[in-house]
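Visitor: Got a structure here, written out as structure tokens. Questions coming.
Chains as they are written, first to last, in this note's numbering: chain D, 1 to 115; chain B, 1001 to 1365.
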């Protein structure tokens, strides 16, 4: 999966991924209440591999937009952790984004095709 | 052997090697800068600290309780680059290139704000610019003052926060001002420790700039004291002269005394005020430079009062001169020259002149 071809395309399409990262994060959160480390490890296995430096500012913005919320959960090993969950508005926004993404996909598939 | 620093991350104490500590401070400070536009900057910073703490936890054991510099390096690398997350509008704005424009900046200015604006535009200490301007003014024997005045007239003044951001070539968002203010505050906390680490790598120019500012401050303070001294002396002299004029201690010649002593006193006072006010303004400006408070502006009410007083003095001086002038020249015309007796009288008093004024210019009349 992660040959040199993948690496170069990672760089080449970073803008594409950047735009879609938000949707990917929303989808991870939509499955269950998650801790940031969970999001990072889930995304780490995909093209959307990211790190705290990107994720925390993104999550704080999504929370400002009221798409996600968090609750503090006590941890056995350290201080309480923030567990993120999707709000109703977030769920709707995620569906909208996904639908739009599919529209874009089908447009790309058909645009310029010979009649 | 390495020195160890103790830090509090998310309410727990961690021991870091000194270099690890410096790296962390540097990382957090740069993260804070990158999140300058983020309304939740503080919260995200706490998240970062907690993430670092957890990464430290994973490395620490019962027998290992210090994070080394190399480990910190890896922790920071694993945090990835800090990327501010922007809403759709901000993202659009971020794509427009920022146009830098030169403005006059009156906040913290000494005279008109030209140097101040130029300093912000070039991102150089304003003291350095002022010093260059002063040197240029002397080198061109005052010609540079005209250039300054021209710039003062031609350049627009940065009034809105947008214009001030434009001057620095910074992007302006509604949050900017608040965030930048916060930034200054928090930087002041961090900078103390960071400066220690950064001292070795400080560019020579910046160092020279700081030394220069210090020299300028000392010079400015001495100049303030000197101007204050001159103002006090001259004030006493003027008061004494006016008192002598009005109380009739100066014997005026008949013809000259047709000019009211009150008018002469008025002339003296207004001429003095005309010089005193700019002098005091310069002194006040120098004093602020001396204290290093160049970002504080003098209160506008004082500036307006001084301006009005100066205008009044100017008008009075013109007025009195117009009244006195013709009488004086009339006197000179009828006599052709000033007689020796009159010369005595023209002196403040005869004792000082010892009877005669050895001035050939007067005898030419």
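All C-beta atoms in this analysis are idealised placements derived from N, C-alpha and C, irrespective of residue type, glycine included.
Mind checking if residue 1044 (chain B) is an interface residue toward chain D, Cβ cutoff 8 Å exclusive?
Guide: yes
Visitor: Does the distance from the CB of residue 1083 (chain B) to the CB of residue 54 (chain D) come in under 8 Å?
Guide: yes
Visitor: Taking residue 1167 (chain B) as the reference, which of B:1264, B:1107, B:1022, B:1032 has the closest Cα?
Guide: B:1107
Visitor: Can you have a look at residue 1006 (chain B) and say buried or exposed, based on whether 16 or more other CB atoms are within 10 angstroms of its CB?
Guide: Exposed.
Visitor: Would residue 44 (chain D) pass as an interface residue toward chain B - the criterion being a Cβ-Cβ separation below 8 Å?
Guide: no
Visitor: Give every residue of the same chain whose Cβ lies closer than 6 Å to the Cβ of residue 1113 (chain B), excluding the five residues on either side of it in the sequence, and list them in chain order.
Guide: 1104, 1105, 1106
Visitor: For residue 76 (chain D), does the three-state DSSP call read helix, strand or coil?
Guide: coil
Visitor: Should residue 1317 (chain B) be labelled buried (16 or more other beta-carbon atoms within 10 Å of its own) or exposed?
Guide: It is buried - the Cβ of residue 1317 (chain B) has at least 16 other Cβ atoms within 10 Å.
Visitor: Indicate whether at least one CB of chain D lies closer than 8 Å to the CB of residue 1012 (chain B).
Guide: Yes - at least one Cβ of chain D is within 8 Å of the one on residue 1012 (chain B).
Visitor: Need the endpoints of the alpha helix (DSSP H) that residue 105 (chain D) sits in, please.
Guide: 88 to 110
Visitor: Would you kindly work out how many angstroms separate the C-alpha atoms of residue 1135 (chain B) and residue 1150 (chain B), rounded to a whole number?
Guide: 18 Å
Visitor: Comparing alpha-carbon positions, which option in B:1102, B:1226, B:1261, B:1059 lies nearest residue 1287 (chain B)?
Guide: When each option's Cα is compared against that of residue 1287 (chain B), the closest is B:1226.
Visitor: Helix, strand or coil: which one does DSSP assign to residue 82 (chain D)?
Guide: strand
Visitor: Would you check if the distance between the CB atom of residue 1246 (chain B) and the CB atom of residue 1261 (chain B) is smaller than 8 Å?
Guide: Yes, the pair counts as a contact, with Cβ atoms nearer than the cut-off.
Visitor: When Cβ atoms are compared, which residues of the stretch 1058 to 1092 of chain B fall closer than 8 Å to chain D?
Guide: For the stretch 1058 to 1092 of chain B, which is checked against every Cβ of chain D, the residues closer than 8 Å are 1078, 1079, 1080, 1081, 1082, 1083, 1084, 1085, 1086, 1087.
Visitor: Helix or strand or just coil, what does DSSP make of residue 1022 (chain B)?
Guide: In this structure, residue 1022 (chain B) counts as helix in the three-state DSSP scheme.
Visitor: Please look up how many angstroms separate the CB atoms of residue 1053 (chain B) and residue 1023 (chain B), rounded, as I've assumed it's under 8 Å.
Guide: Between residue 1023 (chain B) and residue 1053 (chain B) the Cβ distance is about 15 Å, and since that is not below 8 Å, they are no contact.
Visitor: Let me know the secondary structure DSSP gives residue 1099 (chain B) once reduced to three states.
Guide: coil
Visitor: Whose C-beta lies closer than 7 Å to the C-beta of residue 1034 (chain B) among residues of the same chain, with five residues either side of it excluded?
Guide: 1082, 1084
Visitor: Taking residue 1051 (chain B) as the query, report the chain D residues whose CB atoms sit under 8 Å from its CB, ordered along the chain.
Guide: 36, 52, 56
Visitor: Once you ignore the five residues that flank residue 103 (chain D) on each side, which residues in its own chain have a CB closer than 8 Å to its CB?
Guide: none
Visitor: I'd like to know if residue 41 (chain D) contacts chain B, where contact means its C-beta is closer than 8 Å to some C-beta of that chain.
Guide: no
Visitor: Can you say whether residue 1074 (chain B) is buried or exposed, counting buried as having 16 or more other CB atoms within 10 angstroms of its CB?
Guide: exposed
Visitor: Would a C-beta distance cut-off of 8 Å place residue 1014 (chain B) and residue 1076 (chain B) closer than the cut-off?
Guide: In this structure, residue 1014 (chain B) lies away from residue 1076 (chain B), with their beta-carbon atoms at least 8 Å apart.
Visitor: Return the bridge partner residues of residue 1242 (chain B) from the DSSP annotation.
Guide: Looking at the DSSP assignment, residue 1242 (chain B) forms no beta bridge with any residue, so it has no partner.
Visitor: Kindly list the residues whose CB is nearer than 6 Å to the CB of residue 1164 (chain B), restricted to its own chain and excluding five residues on each side of it in sequence; keep chain order.
Guide: 1158
Visitor: Determine, using beta carbons only, whether residue 1198 (chain B) comes closer than 8 Å to chain D.
Guide: Because residue 1198 (chain B) carries a pLDDT of 49, less than 50, the predicted location of this residue cannot be relied on, and the following value inherits that uncertainty. The beta-carbon of residue 1198 (chain B) is placed no less than 8 Å from the nearest beta-carbon of chain D.
Visitor: Helix or strand or just coil, what does DSSP make of residue 1008 (chain B)?
Guide: strand
Visitor: Mark residue 1320 (chain B) as exposed unless 16 or more other C-beta atoms lie within 10 angstroms of its C-beta, in which case mark it buried.
Guide: buried
Visitor: Taking a contact to mean a Cβ-Cβ separation below 8 Å, would you say residue 1128 (chain B) touches residue 1219 (chain B) in this structure?
Guide: no
Visitor: Look up residue 1013 (chain B) in the DSSP assignment and give the residues it is bridged to.
Guide: B:1008
Visitor: Return helix, strand or coil for residue 1064 (chain B), following the three-state DSSP convention.
Guide: strand
Visitor: Is there a Cβ of chain B sitting closer than 8 Å to that of residue 103 (chain D), yes or no?
Guide: Output row for residue 103 (chain D): interface = no.
Visitor: Determine the DSSP secondary structure at residue 1124 (chain B), reduced to helix, strand or coil.
Guide: coil
Visitor: Taking residue 1047 (chain B) as the query, report the chain D residues whose CB atoms sit under 7 Å from its CB, ordered along the chain.
Guide: 56
Visitor: Give the single residue among D:24, D:17, D:84 whose Cα lies nearest to the Cα of residue 66 (chain D).
Guide: D:84
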